[in-house]
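Using this note's numbering, read the sequence shown as starting at 58 and increasing by one per residue.
We treat Cβ as the ideally placed atom computed from N, Cα and C, and that holds for glycine.
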Amino acid sequence: MKKNKETNQRTILATDALLQEIIKSPDEFKNNDSLTKALKSQGGLAKFEYAERHIGTVSINTAKSLSELLYDDGFESFDRLRINARDAIEKALKGKIKKSNEESARQKLALTNETLAITQQSNFLLNTIIKEMRSHLKAMALQDWTDEERLKRYKDINKKVEAQLHYANYGEV
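See the structure below:
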């Protein structure tokens with residue numbers, strides 16, 4: 058039993074060394090299809106075998122439990138190495154990094170939240186403008202002004218409302 062645990066620990070450490078080497082020099086590994094396939098998932102890496110480097114297959118649970126013992130950040134640290142190695146190979150192959158779905162979703166959410174905040178601010182400004190216009194209309198309706206005075210007052214208010222709308226829509230007066 059002890060020998061099996063030592064073999065598994067050696068496998069994890071050898072895999073760690075391989076991942077760090079891939080990150081530093083991905084061009085040397087980009088044509089290794091089985092390695093590229095193994096780096097796509099945690100389970101794939103656990104099942105990966107590379108006899109020349111003393112890397113054998115282990116279960117994902119074994120990889121996780123040994124990583125918890127061997128690394129300060131546990132399996133998270135080991136998995137981060139896998140992801141960085143995968144991205145390095147993808148970049149070497151394609152010249153760019155394919156974003157993970159989770160990262161892409163986070164970016165879309167941030168963009169959506171930013172758009173929502175801008176829209177809420179714009180709606181607030183437009184509501185304020187509408188309330189102010191209604192107030193002016195009410196004041197005009199209750200006044201005993203001549204037609205010339207009403208027209209002058211209308212032009213002043215209209216100019217002010219146009220400036221406010223332009224600010225609400227374009228952020229400038």
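Nearest-angstrom Cα separation, counted from residue j out to residue i
i           : j           : result
residue 134 : residue 181 : 46 angstroms
residue 70  : residue 140 : 16 angstroms
residue 81  : residue 126 : 25 angstroms
residue 105 : residue 166 : 35 angstroms
residue 210 : residue 226 : 24 angstroms
residue 84  : residue 118 : 31 angstroms
residue 215 : residue 168 : 35 angstroms
residue 194 : residue 187 : 10 angstroms
residue 208 : residue 224 : 24 angstroms
residue 192 : residue 176 : 24 angstroms
residue 58  : residue 65  : The predicted position of residue 58 is uncertain, since its pLDDT is 49 and thus under 50; no value can be drawn from it.
residue 102 : residue 162 : 25 angstroms
residue 94  : residue 88  : 11 angstroms
Terminal residues of the alpha helix (DSSP H) in which residue i lies
i           : result
residue 94  : 90–95
residue 174 : 158–199
Pick from the options that is closest to residue i, judged by C-alpha positions
i           : options              : result
residue 110 : 73, 93, 122 and 116  : 73
residue 221 : 195, 77 and 189      : 189
residue 24  : 66, 61, 223 and 86   : Because the chain spans 58 through 230 in this model, residue 24 falls outside it and cannot be assessed.
residue 75  : 92, 161 and 175      : 92
residue 98  : 138, 107, 112 and 62 : 138
residue 293 : 184, 115 and 162     : The requested residue 293 is not part of the displayed model; the chain covers only 58 to 230.
Neighbour-count burial assignment, residue i, 16 or more Cβ in a 10 Å radius
i           : result
residue 144 : buried
residue 123 : buried
residue 120 : buried
residue 68  : buried
residue 198 : exposed
residue 213 : exposed
Unbroken alpha helix (DSSP H) runs of length 4 or more, entirely within the stretch 61–138: which are they?
Within the stretch 61–138, the complete alpha helix (DSSP H) runs of at least 4 residues are 90–95, 99–104 and 117–127.
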